[in-house]
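For what it's worth, our numbering labels the leading residue of the sequence shown as 120, then goes sequentially.
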Amino acid sequence: MCSIGTNKPKDMEKKDGILTKNGVSFLIPFVMLTACFALWGFANDVTSPMVKAFSKIFRMSVTEGAFVQVAFYLGYFVMAFPAAIFIQKYSFKAGVMIGLGLYAIGALLFIPAKMTGIYFPFLIAYFIMTCGLSFLETSCNPYIYCMGSEDTATRRLNLAQAFNPMGCLAGMYVAMEYVQARMSPMDTSTRKTLTEAQFNIIRDYDLDILIQPYVYIGAAVVLLLVLIRVTTMPKHGDTHSVKKLSTSIRELYNITNYREGVIAQFFYIGAQVMCWTFIIQYGTHIFMDEGMEEKAAEILSQKYNILALAFFTVSRFICTWFLKYIQPGRLLMILAVIASCATAGVILFTDRNGLYCLVAISATMSLMFPTIYGTALRGVGENVKVGGAGLIMSIIGGSVFPPLQAAIIDMKVSWFGLPPTNVSFVLVLICFVVVAAYGHRAYIRHNITHNYIE
Numbered sequence: 120m121c122s123i124g125t126n127k128p129k130d131m132e133k134k135d136g137i138l139t140k141n142g143v144s145f146l147i148p149f150v151m152l153t154a155c156f157a158l159w160g161f162a163n164d165v166t167s168p169m170v171k172a173f174s175k176i177f178r179m180s181v182t183e184g185a186f187v188q189v190a191f192y193l194g195y196f197v198m199a200f201p202a203a204i205f206i207q208k209y210s211f212k213a214g215v216m217i218g219l220g221l222y223a224i225g226a227l228l229f230i231p232a233k234m235t236g237i238y239f240p241f242l243i244a245y246f247i248m249t250c251g252l253s254f255l256e257t258s259c260n261p262y263i264y265c266m267g268s269e270d271t272a273t274r275r276l277n278l279a280q281a282f283n284p285m286g287c288l289a290g291m292y293v294a295m296e297y298v299q300a301r302m303s304p305m306d307t308s309t310r311k312t313l314t315e316a317q318f319n320i321i322r323d324y325d326l327d328i329l330i331q332p333y334v335y336i337g338a339a340v341v342l343l344l345v346l347i348r349v350t351t352m353p354k355h356g357d358t359h360s361v362k363k364l365s366t367s368i369r370e371l372y373n374i375t376n377y378r379e380g381v382i383a384q385f386f387y388i389g390a391q392v393m394c395w396t397f398i399i400q401y402g403t404h405i406f407m408d409e410g411m412e413e414k415a416a417e418i419l420s421q422k423y424n425i426l427a428l429a430f431f432t433v434s435r436f437i438c439t440w441f442l443k444y445i446q447p448g449r450l451l452m453i454l455a456v457i458a459s460c461a462t463a464g465v466i467l468f469t470d471r472n473g474l475y476c477l478v479a480i481s482a483t484m485s486l487m488f489p490t491i492y493g494t495a496l497r498g499v500g501e502n503v504k505v506g507g508a509g510l511i512m513s514i515i516g517g518s519v520f521p522p523l524q525a526a527i528i529d530m531k532v533s534w535f536g537l538p539p540t541n542v543s544f545v546l547v548l549i550c551f552v553v554v555a556a557y558g559h560r561a562y563i564r565h566n567i568t569h570n571y572i573e
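Spelled out as structure tokens, the structure:
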């Protein structure tokens, strides 16, 4: 069991750092796990641009293309609690290995999916892959959380998560340079005029390119799986609990801070996925209005997406440093308020200023996932594994919100003369307001508890 809320002698307390506990260093297992963080970041952000790519390849609407994200994030939702039950019975290491195995299988299934030449098998491959990612996140996040004292847990999670956007950047770069740039330059309207035979030739050519990143990353995941298998990982946090799952869920539900944290995480993930998925549509609309061709507009939009991830990456390290001086709930609230203001700019501006605001949002998001995660788990005691699973399940927000945003775009909803893509970001604004409210309430609860203890 993770040593949450336990008392240690003063001299032992001094030995605990962000990656040490009771004088024992967790540096090597930390490095191994942060490789997993980077790998699932790659999967997330090589996939987001595929919404637009699949829409073009299969001549579908934006809404149909968004089912890539539905399948992707549905795996997180379905597998989170089974993963928690598994690691509660076995170990964090076993959970990581199962996660990497499913990740590799899903990625390699892109080969037979391509051979079918139809859309649905790709959705199955995405689903299996993200069942693996769910196992990984359900195992790695609480494992990192337990590698030291609870006081440094949020900082530790932010440090580990700082390597996630590095994987994200790699995924976006690969999507831009090795998928979008190499696909057929034929635009969407021209593709719709092709005969069936012509369509099949172009489709197969593009799918050959699209599956390559997934095949290579599948091979890399297999290699990491072997390395972790032969590495001795600490058993800290792997004490088995005899408590029933229903009991743990009931106890967690009765903790207001945890319950609200799951809700906040649901809305945050929705905001993140919408911003990084629809920046392509948003930028493409702006650049085509400026007279650019569709393919060039898409590639330039992806460059802005990479810039957003660069801000996200740098900001993660900066915000981790700020956590030494600012209480996590307060910093979360401040950043969510800034994100809300930037989202208002995305909605109201109809030129590149709106795109600049959309890029800026990523800097504010860098802190949110690990901070909500760490804050929500404070005080859950031995329910940390099940609690972590509930927070991973909330990633289903990434499956719920993008289709809603895509529907607004496809239905051409326009308010006060604003383009439908702009209007669709009202959903993002709502999400950030919810996150800001949770940050404020968590900060108030922290102060009440702190003052009570003093």
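Backbone N, C-alpha and C define an ideal beta-carbon position, used for all residues, glycine too.
Cβ neighbours of residue i in the same chain (closer than 6 Å, five flanking residues each side left out)
{"i": "Y571", "result": "Here the model assigns Y571 a pLDDT of 41, short of 50, so the residue's position is not dependable, and the following value carries that caveat. There are no such residues."}
{"i": "V456", "result": "A555"}
{"i": "V150", "result": "none"}
{"i": "F200", "result": "A508"}
{"i": "L486", "result": "C438, L454"}
{"i": "T483", "result": "L454, I457, A458"}
{"i": "F430", "result": "S481, A482"}
{"i": "Y238", "result": "F177"}
The alpha helix (DSSP H) enclosing residue i, as first and last residue numbers
{"i": "K233", "result": "229 to 235"}
{"i": "I336", "result": "315 to 349"}
{"i": "W395", "result": "375 to 408"}
{"i": "M352", "result": "Note, M352: premise wrong, no alpha helix (DSSP H); not H, not E."}
{"i": "K504", "result": "503 to 512"}
{"i": "P179", "result": "Note that residue 179 is Met in the sequence shown here, rather than Pro. Taken as a continuous stretch (DSSP letters only), M179 belongs to no alpha helix (DSSP H), as it is neither H nor E."}
{"i": "V150", "result": "146 to 166"}
{"i": "T273", "result": "272 to 280"}
{"i": "T540", "result": "539 to 543"}
{"i": "I515", "result": "Counting along the chain, I515 falls outside any alpha helix (DSSP H), and DSSP gives it neither H nor E."}
{"i": "L486", "result": "That residue, L486, is in no alpha helix (DSSP H); it is neither H nor E in DSSP."}
{"i": "T366", "result": "364 to 372"}
Proximal residues to residue i (C-beta, below 8 Å), its chain only, five neighbours per side dropped
{"i": "A157", "result": "F282, N283, M285, G286, A289"}
{"i": "A232", "result": "P240, F241, I243, A244, I330"}
{"i": "G220", "result": "G251, L344"}
{"i": "P538", "result": "H404, T469"}
{"i": "S533", "result": "P539, V542"}
{"i": "L119", "result": "This structure gives no information on residue 119, because the portion of the chain shown stretches from 120 to 573."}
{"i": "Q280", "result": "F156, R435, F488, P489"}
{"i": "L419", "result": "G402, F406, M411"}
Helix, strand or coil at residue i according to DSSP, with G and I counted as helix
{"i": "E296", "result": "helix"}
{"i": "C265", "result": "coil"}
{"i": "M305", "result": "coil"}
{"i": "K422", "result": "helix"}
{"i": "A455", "result": "helix"}
{"i": "N209", "result": "This sequence places Tyr at residue 209; Asn is not what is there. It is coil, neither helix nor strand."}
{"i": "D529", "result": "helix"}
{"i": "W534", "result": "coil"}
{"i": "Y471", "result": "Correcting the residue identity first, residue 471 is Arg in this sequence and not Tyr. In this structure, R471 counts as helix in the three-state DSSP scheme."}
{"i": "G498", "result": "coil"}
{"i": "M169", "result": "helix"}
{"i": "I414", "result": "The displayed chain sequence assigns Lys, not Ile, to residue 414. Looking at K414 - three-state DSSP - the assignment turns out to be helix."}
{"i": "Y444", "result": "coil"}
{"i": "P128", "result": "At P128 the pLDDT is 47, less than 50, meaning the model places this residue with poor confidence; the figure from the coordinates comes in the next sentence. Residue state, collapsed to three classes: coil."}
{"i": "Y238", "result": "coil"}
{"i": "K175", "result": "helix"}
{"i": "T312", "result": "coil"}
Residue i Cβ short of 7 Å to the ligand GDP heavy atom set
{"i": "T396", "result": "As presented, the structure is devoid of all ligands, the ligand GDP included, so that no description of it is given."}
Neighbourhood of residue i by C-beta distance below 7 Å, restricted to the same chain and skipping five residues each side
{"i": "A272", "result": "Y264, G493"}
{"i": "I425", "result": "L288, M291, Y292, M295"}
{"i": "A185", "result": "V170, P521, P522, A525"}
{"i": "A410", "result": "It is worth fixing the name first, because residue 410 is Gly in this sequence and not Ala. Contacts found: none."}
Three or more C-beta pairs under 8 Å: does that hold for the stretch 252 to 259 against the stretch 200 to 218?
yes
Determine, using beta-carbon pairs with one atom in the stretch 375 to 388 and one in the stretch 552 to 559, whether at least three such pairs fall under 8 Å.
With a cut-off of 8 Å, the stretch 552 to 559 and the stretch 375 to 388 count as touching, because enough Cβ pairs lie within range.
Inspect the CB distances between the stretch 298 to 305 and the stretch 427 to 444 and report whether three or more fall short of 8 Å.
no
Tell me whether the stretch 394 to 403 and the stretch 166 to 182 touch, counting them as touching only if at least three CB pairs, one residue from each stretch, are closer than 8 Å.
yes
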